[in-house]
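Take the sequence shown: its position 280, counting from 1, is numbered 280 in UniProt numbering, and each next residue is one higher.
We treat Cβ as the ideally placed atom computed from N, Cα and C, and that holds for glycine.
All of these numbers come straight from a predicted model, not from anything done at the bench.
Accompanying notes for the structure given below.
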Amino acid sequence: MNGKKILVTGATGQVAGPVAKALAQDNEVWALGRFGTPGAEDDLTRHGVRTFRWDMDDTGDGTLMGLPEDFTHVFHSAVRRGEDGDFNAAVEVNSVAAGRLMTHCRTAEAFLYVSTGALYARQTLDHKYTETDPLDGRADWLPAYPVGKIAAEGTVRAFARTLGLPTVIARLNIAYGPGGYGGVPMLYLKRMLAGEPLPVPVEGQNWCSLLYTDDLVEQVPYLWKAASVPVTLTNWGGDEPVGITDCVRYLEELTGVEAHLVPSEVTRETYQFDPTLRRSLTGPCKVTWREGIRRTVAALYPEHLKD
Numbered sequence: 001m002n003g004k005k006i007l008v009t010g011a012t013g014q015v016a017g018p019v020a021k022a023l024a025q026d027n028e029v030w031a032l033g034r035f036g037t038p039g040a041e042d043d044l045t046r047h048g049v050r051t052f053r054w055d056m057d058d059t060g061d062g063t064l065m066g067l068p069e070d071f072t073h074v075f076h077s078a079v080r081r082g083e084d085g086d087f088n089a090a091v092e093v094n095s096v097a098a099g100r101l102m103t104h105c106r107t108a109e110a111f112l113y114v115s116t117g118a119l120y121a122r123q124t125l126d127h128k129y130t131e132t133d134p135l136d137g138r139a140d141w142l143p144a145y146p147v148g149k150i151a152a153e154g155t156v157r158a159f160a161r162t163l164g165l166p167t168v169i170a171r172l173n174i175a176y177g178p179g180g181y182g183g184v185p186m187l188y189l190k191r192m193l194a195g196e197p198l199p200v201p202v203e204g205q206n207w208c209s210l211l212y213t214d215d216l217v218e219q220v221p222y223l224w225k226a227a228s229v230p231v232t233l234t235n236w237g238g239d240e241p242v243g244i245t246d247c248v249r250y251l252e253e254l255t256g257v258e259a260h261l262v263p264s265e266v267t268r269e270t271y272q273f274d275p276t277l278r279r280s281l282t283g284p285c286k287v288t289w290r291e292g293i294r295r296t297v298a299a300l301y302p303e304h305l306k307d
């Protein structure tokens with residue numbers, strides 16, 4: 001796409017950062033954020049992205065004053081994750097911010113809200129979750145996170161209908177790639193390098209649908225095209241089922257670094273998606289998960305990549 005005016009939130013993160021930079025090549029892209037990490041704002045502006053300071057926690061009426069309203073497309077991935085365990089704050093901040101942003105950009109052609117697969121009710125480890133599976137908002141590794149996402153999804157659905165704003169909710173799986181910290185697979189590699197234990201299920205393994213940065217960026221315009229009233233809801237992950245233990249073993253193969261897997265009753269649960277609906281909207285992914293992992297290690301940890 002080109003010649004559009006695009007608003008991106010969460011642009012200093014693993015997901016939205018590559019999206020903002022890629023789209024800025026042929027469009028006018030604005031990024032909202034606090035930009036608290038040194039160098040984060042400068043990195044965006046070097047790629048042609050305009051920045052506007054916005055704190056989701058400030059829910060006052062004037063938080064978006066001075067920001068243009070004539071955006072054609074919005075990519076909203078900023079989130080209060082709830083590391084402090086404050087469920088009420090996670091619900092209020094994420095919901096109010098989404099509502100204010102949608103109201104401000106109510107004339108846009110399409111609004112994309114990035115949600116999460118962590119809100120699904122847990123079934124078997126290898127279950128392929130579809131968009132119609134039940135929700136429960138439980139995540140022992142970060143309890144307030146999925147609750148805030150469910151609340152924000154409700155807000156997004158309500159404002160899409162109220163404002164007549166074409167919207168798509170994309171429940172993201174695990175995004176990874178050379179940008180940012182590399183995503184969850186590189187968190188595992190970092191722990192491997194530190195000799196730390198990696199909790200895994202007592203039986204079987206967690207499964208997921210890894211989505212490489214290049215595929216993620218390429219699919220965003222297609223998701224915008226699918227926006228509608230009422231909202232279009234889709235899972236957003238890769239095409240291949242990936243076992244987390246298999247992923248760790250592949251990291252061992254690539255780097256020669258041993259992983260210390262420890263069976264545990266509590267792990268960072270992941271979810272494997274049925275990609276049927278998303279493929280119908282965006283087409284298939286192009287980067288296999290093994291190639292994506294290899295590229296990411298080569299970019300972020302080249303000294304550990306075996307010849």
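| Continuous alpha helix (DSSP H) assignments of at least 4 residues falling wholly in the segment 161–217 | 184–193
| task | Would you check if the segment 57–77 and the segment 100–107 touch, i.e. whether three or more CB-CB distances between them fall below 8 Å? | result | yes
| query | How would you write the range of the alpha helix (DSSP H) that Lys5 sits in, first residue to last? | reply | Mapped onto the sequence shown, residue 5 falls at position 5. That residue, Lys5, is in no alpha helix (DSSP H); its beta strand (DSSP E) goes 5–9.
| Using a Cβ-Cβ cut-off of 8 Å (strictly less than) and excluding sequence neighbours within five positions of Pro185, which residues of its own chain qualify? | Against the sequence shown, residue 185 aligns to sequence position 185. Same-chain partners within the cutoff: Ile174, Tyr176, Leu210, Cys247, Leu251, Ile293, Thr296.
| message | Which residue wins for smallest C-alpha separation from Glu153, given the options Leu142, Asp133, Leu119? | response | Residue 153 sits at position 153 when you count from the first residue of the sequence shown. Of all alpha-carbon atoms in Leu142, Asp133, Leu119, the one lying nearest the alpha-carbon of Glu153 is that of Leu119.
| Shortest alpha-carbon distance to Asp58 belongs to which of Leu112, Val93, Pro199? | Here residue 58 refers to the residue found at position 58 when the sequence shown is read from its first residue. With distances taken between Cα atoms, Asp58 lies closest to Val93.
| Separation of Tyr181 from residue 309, as counted between CA atoms | With the chain represented from 1 up to 307, any question about residue 309 goes unanswered, as that position is not in the structure.
| task | Figure out for me which residue from Leu193, Gly195, Gly148, Phe111 has the closest Cα to the Cα of Val96. | result | Mapped onto the sequence shown, residue 96 falls at position 96. Looking at the Cα atoms, Gly148 is the closest of the given residues.
| said: Using a Cβ distance threshold of 8 Å, determine whether the segment 263–276 contacts the segment 195–212, with at least three qualifying pairs required. | reply: yes
| task | Over the uninterrupted alpha helix (DSSP H) stretch that includes His104, give me the two end residues. | result | Here residue 104 corresponds to residue number 104 of the sequence shown, with the count starting at 1. 87–104 is the extent of the alpha helix (DSSP H) around His104.
| What residue from Val79, Asn27, Arg122 has the CA that sits closest to Ala11's CA? | Along the sequence shown, one-based indexing puts residue 11 at 11. Minimum Cα distance to Ala11 is reached at Val79.
| request: Could you tell me whether the Cβ atoms of Trp207 and Asp133 are closer together than 9 Å? | output: On the sequence shown, residue 207 is found 207 positions in, with the first residue counted as 1. On the sequence shown, residue 133 is found 133 positions in, with the first residue counted as 1. Taking 9 Å as the Cβ cut-off, Trp207 and Asp133 do not qualify as a contacting pair.
| field | Cβ separation of Arg138 and Arg122, assumed to be a contact under 8 Å, to the nearest whole Å | value | Within the sequence shown, the letter at position 138 stands for residue 138. Within the sequence shown, the letter at position 122 stands for residue 122. Indeed, because the Cβ distance is near 7 Å, the residues count as touching under 8 Å.
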